[in-house]
Amino acid sequence: MAFAKELAASGVKVNAAYPGYTATDFDGHSGYRTFEQAANSIVSLATLDENGPTGGFYFDGAEVPC
Ligand SMILES: NC(=O)c1ccc[n+]([C@@H]2O[C@H](COP(=O)([O-])OP(=O)(O)OC[C@H]3O[C@@H](n4cnc5c(N)ncnc54)[C@H](OP(=O)(O)O)[C@@H]3O)[C@@H](O)[C@H]2O)c1
Numbered sequence: 004m005a006f007a008k009e010l011a012a013s014g015v016k017v018n019a020a021y022p023g024y025t026a027t028d029f030d031g032h033s034g035y036r037t038f039e040q041a042a043n044s045i046v047s048l049a050t051l052d053e054n055g056p057t058g059g060f061y062f063d064g065a066e067v068p069c
């Protein structure tokens, strides 16, 4: 949120995404979500156009409370 506010005038967007409990090396592949599912939200946020949001927290494309 601090970076989002500081960078707002520059046009740089700062958002956070929760991948969910995802099967990776990190958790010994015990997560119940695939990395494709986890990456989907992150790629969407990384490819926002200039009208996209900033300062939000997202899970599966939906904004959730911080
Ligand atoms: N998995 C989950 O359920 C989950 C949930 C919430 C948050 N997270 C967070 O997501 C982040 C990634 O977790 P993950 O589950 O994707 O872990 P992961 O499967 O262990 O993947 C970590 C990735 O980071 C790369 N990496 C590590 N050190 C690096 C470095 N110095 N430079 C460049 N790349 C480096 C590794 O590359 P190499 O393979 O080449 O070593 C690997 O691709 C962590 O911060 C974790 O806390 C994970």
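Counting along the sequence shown from 1, when you hit position 64 you're at 67 in the numbering used here, and nothing is skipped either side. For every residue, glycine included, the Cβ atom is placed at its ideal position computed from N, Cα and C.
- In this structure, the CA atom of V17 is about 8 Å from the CA atom of M4.
- A residue is called buried when at least 16 other Cβ atoms come within 10 angstroms of its Cβ; T50 does not meet this threshold and is exposed.
- Short note on D63: C-beta not closer than 8 Å to any heavy atom of ligand 1.
- G59 is the residue among G59, P68 and D63 whose C-alpha sits nearest the C-alpha of A11.
- Relative to V15, the option among P22, G23, F6 and D63 whose CA is nearest is F6.
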